[in-house]
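Undergrad: As they're listed, the protein sequences go chains E and R.
Mapping of the first sequence onto the numbering used here: position 311 corresponds to residue 321, and the numbering continues sequentially without gaps.
Mapping of the second sequence onto the numbering used here: position 204 corresponds to residue 195, and the numbering continues sequentially without gaps.
Beta carbons: idealized from backbone N, C-alpha and C, even for Gly.
Given the structure is predicted, the values throughout are model-derived calculations rather than measurements.
One structure coming up, written as structure tokens, with questions to follow.
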Amino acid sequence: MKYFFRKLISMLLTLLAVSFIVFAAFAVIPGDAAVSRLGSNATEESVAALRAEMGLDRPFLERYLSWLGDCVKGDFGTSISYGMPVGQLILDKLPITLTMTVLSLILTVGLSVPIALLMCKYARSRFDRSMYGLNQFVMSIPAFFLGILLTWFFGMVLKWFRPGGYVSYKKDFGAFLGYLLLPAIAIAIPKCAMSVKLLRSAVLTEADKEYVRTAYSRGMSTMEVLYRHVLKNALIPLITFWGMTVADMIAGSIVVEQVFNIPGLGRILLTSISRRDYPVVEGIILLIAVVVLLVNFLVDILYRKVDPRLEDQG
Amino acid sequence: MKLLEVVDFGIEFHDHDRPEQVVEGVNFSLEQGGILGIVGESGSGKSMTALAIAGLLPRKKLKKEGHIYFEGKDVLRMDRTELRELQGDEICMIFQEPQSCLNPVMRIGPQVEEALRVHRKEMSAEERRARALERLRDVELTDAERVYDSYPHELSGGMRQRVMIAAAMVGSPHLLIADEPTTALDVTVQAQIIQLLKRLNEDEKLAILFISHDLSLIRQISHSVLVMQHGKLVESGPVERIFEDPQEEYTKNLIAAIPKVKL
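Next up, the structure:
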């Protein structure tokens, strides 16, 4: 209990630091929201007037504190280019990116575990070796390029779906999932290859341990031994990797959303950066920070669930 | 019919350029309810022989010669399915390091029950639990319920070895192979484990193959003894004969090396 309290405090402090850095970055980098809204031909007076109206002329610290206060109350400001509250804008797009991330994670875990165990069952055989080579190859293909290949193959050659098509989750959730499946696969495949590589070596290390011999001495088959005994031990290092992967997937979705023309968080993040729509960018970065911290927290809990030896160390 | 009969047994390693004979021409047998002690230094081939009987030697990179008849059937010529039916049901094994032989992330209960889950598919979860608790009490773990729900790291070394014995005994096997089961334990716990094994042998007519480098332990527990050196059988016979009237020089030296305690 004390452990979780400590963890919570450190999470809040990290969040505070992230919020400050994000806010400071927009004060330092060149480019001005007022100028970008009015265009470069605007007169200096009109720019100054808009800056005053937007509160950009106040001192930095004052602006930061009032923004932070509003954020705590759940008000992330209003988007300059969309004219919508940032909170609502993000809330609208979040389900898309989140669904895609969850889908990719399910694919990554769901595929890598059986593949890795099968490779371990036939370790150093021809099957294992060729899978290892294929794995190495797949790992080095970036997700966006895989996305292009998948779109071309399933969309243009097989014509299974309309490239660039998209159905809102509010309209038809099933079709929405269908359109997210390919981007999720594109994100998942390289991650899956990395998981397979890590899991294979973790399983093979565990398989030499003596408790595995004990399990065999009870008459269990290789697959039973791998699933019941080895897997849980081998997953301990993988949990950390999958935790990091979630953060990476959210970031990776920005590019992949472009390839598949999906109006998720990545889309509004990119347009907002180019338009200096700093409330939106700040909001999204804060959100990503919150997700990463939450996932890390979850990883810690899971870690303790899987490895009882950690529980006693407090 | 003898419970276990080993005939001209040998092992040849093929993991290097030249094949290496690690066990050669070993013959012995074990009666139902008997205790056979195998003694020898490390590298004498005693553990290899034990693993071969339990069907736990790898299939690749080594060649097994001769025959190991268990209840009349040759273990060395069984396919994997036949072998698995014996393992954990009729032949069980305990090892030197109870710490590393238990799965660290699994509670004790499921590990003790495992042989039942594999071999007695008709048993319900409650029946398995009841049987496991009974076995935990049989190995003198009084707090069986608590042990059942513990993780291995929460128990002492002696308790862990008792757990290993309970897990081995859960399916009432005919043969227990104990490979240096007390070497990692301190002396008082060692004596308790030996007493426990002797009691199980008497109460349940359990045959035990007891492997150790420690002659005094072998003398305490065995009915007959087998001395091994460099993969070969040096001498075998009833325990009194071996200790009172050793025939071979190597056996004499081993016995002479037992520290004598004067009282």
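Whole angstroms are fine: how far does the CA of Asp194(R) sit from the CA of Val(-3)(R)?
TA: The straight-line gap from Cα to Cα measures roughly 26 Å.
Undergrad: Using beta-carbon positions only, say whether Leu48(E) and Leu60(E) come within less than 8 Å of one another.
TA: Yes, these two residues count as a Cβ contact at 8 Å.
Undergrad: For Val316(E), which residues in chain R fall below 7 Å Cβ to Cβ?
TA: Within chain R, the residues near Val316(E) are Val96.
Undergrad: In this structure, what does DSSP give as the bridge partners for Leu166(R)?
TA: The partner list for Leu166(R) (beta bridge, DSSP) reads Ile82(R) and Ala198(R).
Undergrad: Using the rule of at least 16 other Cβ atoms within 10 Å of the residue's Cβ for burial, across every protein chain shown, is Asn51(E) buried or exposed?
TA: By the 10 Å Cβ count, Asn51(E) comes out exposed.
Undergrad: Cβ atoms of Lys219(E) and Ser91(R): under 8 Å apart, would you say?
TA: Yes; because the gap between Cβ atoms is below 8 Å, this pair is in contact.
Undergrad: Any idea which residues DSSP pairs Phe19(R) with across the strands?
TA: The partner list for Phe19(R) (beta bridge, DSSP) reads Val(-3)(R).
Undergrad: What does the Cβ neighbour count give for Ser213(R), buried or exposed, with the cut at 16 atoms within 10 Å?
TA: The residue is buried, with at least 16 neighbouring Cβ atoms inside 10 Å.
Undergrad: Where do the ends of the alpha helix (DSSP H) carrying Met219(R) lie?
TA: Run containing Met219(R): none in the alpha helix (DSSP H); it sits in the beta strand (DSSP E), Ser215 to Gln220.
Undergrad: Mapping the DSSP letters down to three states, classify Thr255(E) as helix, strand or coil.
TA: Helix.
Undergrad: Enumerate in chain order the residues of its own chain whose CB-to-CB distance from Glu321(E) is below 6 Å, with the five nearest sequence positions on each side excluded.
TA: Here the set comprises Arg314.
Undergrad: Check each residue of the segment 126 to 151 of chain E: if its Cβ is closer than 7 Å to any Cβ of chain R, include it; give the result in chain order.
TA: Against chain R - using a Cβ distance shorter than 7 Å - the segment 126 to 151 of chain E contributes no residues.
Undergrad: Rounded to whole angstroms, what's the CA-CA distance from Tyr189(E) to Val177(E)? Just pull it up for me.
TA: Looking at the two C-alpha atoms, the distance is approximately 7 Å.
Undergrad: Measure from the C-beta of Gly324(E) to each C-beta in chain R and report whether the shortest distance is under 8 Å.
TA: Its pLDDT being 48, under 50, Gly324(E) is placed unreliably by the model, and nothing is read from it.
Undergrad: Could you compute how far the alpha carbon of Leu200(R) sits from the alpha carbon of Glu32(R)?
TA: If I take the Cα positions, the gap works out to 16 Å.
Undergrad: Our contact map puts Pro337(E) next to Val96(E) with C-beta atoms below 8 Å; I'd like the distance itself, whole angstroms only.
TA: This structure gives no information on residue 337(E), because the portion of chain E shown stretches from 11 to 324.
Undergrad: Rounding to the nearest angstrom, what Cα-Cα distance links Glu231(R) and Met230(E) in this structure?
TA: Straight-line Cα distance between these residues: approximately 40 Å.
Undergrad: Against Ser230(E), what residues of chain R qualify as contacts under a CB-to-CB distance less than 7 Å, listed in chain order?
TA: For clarity, residue 230(E) is Met in the given sequence; the question names Ser instead. Neighbours of Met230(E) on chain R, chain order: Val109.
Undergrad: With distances taken Cα to Cα, identify the nearest neighbour of Leu259(E) among Leu71(E), Gly93(E) and Thr111(E).
TA: Looking at the sequence provided, one finds Met at residue 259(E) rather than Leu. When only C-alpha atoms are compared, the closest one is Thr111(E).
Undergrad: Any residues in the segment 104 to 133 of chain R with a beta carbon nearer than 7 Å to a beta carbon of chain E? Which ones, in chain order?
TA: So the close ones are Glu105, Ala106, Val109 and His110.
Undergrad: Is Ser326(E) helix, strand or coil by DSSP?
TA: With chain E running from 11 to 324 in the structure shown, residue 326(E) is simply not present.
Undergrad: Between the Cα of Ile82(R) and the Cα atoms of Ala121(R), Met114(R) and Gln23(R), which residue gives the shortest distance?
TA: The candidate whose alpha carbon is nearest that of Ile82(R) is Gln23(R).
Undergrad: In whole angstroms, give me the CA-to-CA distance for Thr24(E) and Lys112(R).
TA: Rounded to the nearest angstrom, the two C-alpha atoms are 52 Å apart.
Undergrad: Which of the three DSSP states, helix, strand or coil, is assigned to Tyr60(R)?
TA: Looking at Tyr60(R) - three-state DSSP - the assignment turns out to be strand.
Undergrad: Under 8 Å between the Cβ atoms of Phe61(R) and Leu77(R)?
TA: The answer is yes: Cβ separation under 8 Å.
Undergrad: Closer than 8 Å between beta carbons: that is the criterion. Which residues of the segment 201 to 229 of chain E meet it against chain R?
TA: Those would be Lys219, Glu220, Tyr221, Arg223, Thr224, Ala225, Tyr226, Ser227, Arg228 and Gly229, in chain order.
Undergrad: For Ala43(R) and Ile2(R), what's the separation of their Cα atoms in angstroms?
TA: Computed Cα separation, rounded: 9 Å.
Undergrad: Throw me the rounded Cβ distance for the Leu209(E) and Ser140(E) pair, which I believe falls under 8 Å.
TA: With a Cβ gap of about 18 Å, Leu209(E) and Ser140(E) do not count as contacting.
Undergrad: Counting only beta-carbon atoms, is Ser91(R) nearer than 8 Å to chain E?
TA: It does: the Cβ of Ser91(R) has a partner Cβ on chain E nearer than 8 Å.
Undergrad: I'd like to check one pair, Ser215(R) with Pro229(R): are the Cβ atoms closer than 8 Å?
TA: For Pro229(R) and Ser215(R), yes; Cβs fall inside 8 Å.
Undergrad: So, with DSSP's three-state summary, where would you put Gly46(R)?
TA: Gly46(R) falls in the coil class under three-state DSSP.
Undergrad: When we look at the beta-carbon of Asp85(E) and count the other beta-carbons within 10 Å, is it buried (16 or more) or exposed?
TA: The residue in question, Asp85(E), is exposed, as its Cβ has fewer than 16 Cβ neighbours within 10 Å.
Undergrad: In the DSSP assignment, find the unbroken alpha helix (DSSP H) run with Lys243(R) in it and report its ends.
TA: Run containing Lys243(R): Glu240 to Ala247, per the alpha helix (DSSP H) assignment.
Undergrad: In three-state DSSP terms, what is Phe86(E)?
TA: Coil, per DSSP.
Undergrad: Kindly indicate if chain E contains any beta-carbon less than 8 Å away from that of Tyr139(R).
TA: Closer than 8 Å: no.
Undergrad: May I ask which residues mark the beginning and end of the beta strand (DSSP E) holding Glu226(R)?
TA: First-last of the beta strand (DSSP E) with Glu226(R): Lys223 to Pro229.
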